[in-house]
C-alpha cells in the first residue's frame, strides 16, 4: 500500500471494476428474499446537489447492506421529465437564438426538447456514478419513455372511465409567468405584512354606503355581490338591498352566507367568484355571475373597463388612486396574511377561473389512509403519520392538467362538431358522442406528479405481468425528503393501491432537508451552495458520504458544512494508515477462519472481540431501523477510539516478539479478523476505500460488495470488558501522572499497583 491515501486514484478504478462485473444488477443471494428500491427520479434539468447526494447515499447504504446480507437487491435509477423546468430551460436556450416556442410551433419545439434531453438529460447519472451509488443501471427508466407513456395513458383512461377523472371550470392556482395551473401543493406560502383596504360601496338610490375590507382592491373589478353573515345583527335590515360597485357602477346584490366571518374587517365581504376559491363556492351556491377580469398573463382584460391593459400590480395602484380621488377609500390598515408563490419560479400565484382536468381523490385517499393505519405502509419517523392523515382527510380534487407543451399530452380528443371529448389510449376513429371523424387532441399535458405517481410499478414493467414485477413489487423501502410526502409519496400510495391492489412500498424513511451550517436553505442567491463534485474532488467521495450521514437527523433540516467533510477525511486517512500497519504485520500470516485457542488469548484480545461482536449487533440494528448517524458514530468510535488507539497499540510489542509465536499469531489473527469485519461494516458508508483495503487482505472474497455481512459470535467473554475498563483507567492515570511530572513518552516507567479489591490481581 502507498504511504499516503489518494482517493481519486482508487475511486474510478473500483467503480469501473464493479460495473464491469455487473455487481449492481440483481443476483441471487443466500436468502430467498428480495430487496427493492426506486430512486426518487431527479429532474433531467438537474445537476448533483448536496441534497441529491445525501438522499442517494442513504439509498446506497441500504442497498449495499442488504446485498451483503444475501438479499437479491434491485435499486432502480431514473429521471423525471420535469415539465415546467425543462420547458423553461429549452425556451431560454431558444431565446439566445432569437427564437420563441410559439414561432417554432409545438412539433418542432418538442423535437428541440428531446434533443436537449438526449444531450443533457443523463448528466446527473454520470455525477451519481462518481458518488459510488450501486444502482442497477441496466434498469434505468425515464418518466416519458415509451413503456412509461403507455402506462400513463392506460391509467388516465381507466380513471376517466371509472368516473375519477373529469373536466370542469374551477378556481385553480395559476402561475402567470409559467402560464400553467398548479396543484395546491405546488404553491409555496409565505407570511407577509400587507395592507387591508376599507372601501365604501354606496347603496343604490341612497346616500349611505357599506364599508367592505379587502387585501386585493384590484379584484373588485370582478365583484358580483357583497356577503354578510345571516347571524350578524348589524346587517339584518339590509336584506333585499342593492349596492353600486365603485368605479365601474355595476349593481351588486347583498347576499347572506354563513361562510362570512363577522370578525374580519367590517363583517361585510366582497364576492369575486372568478378570482377566489371560497368566493367561487359562494358564487355557485347563490347563482352569481362569474366575471373574470384577468388574462392568463395577469393583465386586466376588456371586462376591467378603463383599467384594461394594466398588469395586476399597476391596476392595484390605479384603482386605489381612483378610489381615493372619488372618496371611496375610507382607511388603510396594516394586515398580516399569506401569499402563494409558484414553487418553480416564485411568481405570485393568481386564483384563476379556468377549465381544467381533475382527479376525484376522496375515495383514493380513504384507501391510502387505511393502508397506513393498518401498517401496510410505515413511516419513519412515525411522527409523519399525523401530517399524512391531516392532509389526506382534507384532500381536494387534484388538478392534473398543465398548459405546457413538454409532458404527457392528455389522451383526450375534442369533436370539431359537438365539442365533446373522447378519451382513449390511442387516437379514436370518431367522436364517441356524435360519430364525427374530425377530432382535435387536447393540448394540455399531465402534471408531472401524475406520471411519477406510477413510478414504483411502471419501472418494473406494469401493466405487463413481468418477472420483475412479480418478484420485486411491492418495493421494500423508499427514502424521500419529507417535503414531498404529499407531492409524491401519498399519490404513489393511492395509485399503487388502485392499479395493483397492493401498496407500492412497505416502509418510507422521510429524511431531513440539507441546509447550510447556519440552518439556511442553500441557494445561489444566498451564495451558500456547496458543489458536491468539488467536495469529492478535494476530500474524496468516501469522506463526503460519511460526512453526509454522520450527523444526528432528528430535525426537518440537517446542517452541512465543508469543515465536516474535512474532519472525516482525517477518518479515512486513519483507516488507511491503520490498515497499512496491519497489512505490514500480516506478510507471513496465513489466516484460518477458526479463532485461536481462547486460552491463549490475552485480556485485550477478548475485550476487542467482545466490542467487535457488539458492534456488529448495533450497526445491523441501526441500519434496519434507518439510524444511519448512530451506525456511523459507532463505527467511527470503534475503529479509531478502540481498535486503533487501544488494541493496535497494545499488541505492537507482541507482533515484534517472534519468541512467542502463539501470542504473535493470536494478535495477527485478531487484527486480520477485526479489520476484515469492520471494513465490511464500513463498506455501505465508504465503499471505495474499504474495497481497496479489503482486496489486499489475506483470504479475501472476490469483492467486499458481495461478501457476507458479519455475524456476531455467541461465545463472548463476559468479564473482559469490566477488566479491560479497569486496565484502561490505570493506563490513563499513569499517562496523566507522567505528563504532570514531565516524564517524556519515550522513557519506560515501572508501575507499582496496590489493588483495593484483591480480585483485580489477575488483571
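Numbering (full-length UniProt numbering), first residue to last: 1 to 763.
Note that CB positions come from ideal geometry on N, CA and C, so glycine has one too.
Check                                                                                                                        : Outcome
DSSP state of residue 605 mapped onto helix, strand, coil                                                                    : helix
Run of the alpha helix (DSSP H) containing residue 664, from where it starts to where it stops                               : 661 to 682
Collapsed DSSP secondary structure at residue 552 in the structure displayed                                                 : coil
DSSP bridge partner residues for residue 412 (one or two, in chain order)                                                    : 423
Cβ neighbour criterion (16 or more within 10 Å) applied to residue 531                                                       : exposed
Neighbour-count burial assignment, residue 590, 16 or more Cβ in a 10 Å radius                                               : exposed
Residue 197 and residue 210 closer than 8 Å at C-beta                                                                        : no
Presumed contact (8 Å Cβ cut-off) between residue 76 and residue 459, rounded CB distance                                    : 5 Å
Counterpart residues of residue 43 in DSSP-defined beta bridges                                                              : 80
Residue 161, DSSP secondary structure in three states                                                                        : helix
Residues of its chain near residue 472, where Cβ-Cβ distance is below 7 Å and the 5 sequence neighbours each way are ignored : 34, 36, 74, 460
Closest residue to residue 410 among 697, 440, 336, 416 (Cα-Cα distance)                                                     : 440
Contact set for residue 535: own chain, Cβ-Cβ below 7 Å, skip 5 residues either direction                                    : 544, 562, 565
Candidates 619, 154, 128, 277, of which the one nearest residue 464 by Cα                                                    : 154
Those runs of the alpha helix (DSSP H) which lie wholly inside the segment 306 to 342 and span at least 4 residues           : 312 to 325
Same chain, Cβ closer than 8 Å to residue 600, five either side skipped, listed in chain order                               : 662, 663, 666
Residue 321 classed as buried or exposed, judged by whether at least 16 other C-beta atoms fall within 10 angstroms          : exposed
8 Å Cβ cutoff met for residue 83 and residue 402                                                                             : yes
Selected residue, minimal CA-CA separation from residue 3, among 574, 700, 676                                               : 574
Straight-line Cα distance separating residue 158 from residue 540                                                            : 50 Å
Inter-residue Cα distance where the pair is residue 625 and residue 695                                                      : 30 Å
Nearest-angstrom beta carbon gap, residue 65 and residue 684 [assumed within contact, 8 Å]                                   : 5 Å
Three-state secondary structure (DSSP) of residue 37                                                                         : strand
Of the residues 150, 522, 456, the one placed nearest residue 52, counting alpha carbons only                                : 522
Simplified DSSP assignment, three categories, for residue 265                                                                : coil
Identity of the residues DSSP links to residue 119 by a beta bridge                                                          : DSSP lists no partner for residue 119.
Segment contact, 8 Å Cβ cut-off, at least three pairs: the segment 99 to 117 with the segment 168 to 177                     : no
Burial state of residue 392, where buried means 16 or more other Cβ atoms lie within 10 Å                                    : buried
Inter-residue Cα distance where the pair is residue 435 and residue 161                                                      : 19 Å
Span separating the alpha-carbon of residue 751 from that of residue 727                                                     : 12 Å
Residue ranges of each alpha helix (DSSP H) within the segment 710 to 752, 4 or longer                                       : 720 to 741
Assigned secondary structure, residue 363 (DSSP; H/G/I helix, E/B strand, else coil)                                         : helix
Spatial neighbours of residue 612 in its chain, beta-carbon cut-off 6 Å, leaving aside the 5 residues before and after       : 674
Segment contact, 8 Å Cβ cut-off, at least three pairs: the segment 84 to 98 with the segment 42 to 49                        : yes
Supposed contact pair residue 228 and residue 267 - C-beta distance, whole angstroms, cut 8 Å                                : 6 Å
Length of the line joining the Cα atoms of residue 280 and residue 316                                                       : 21 Å
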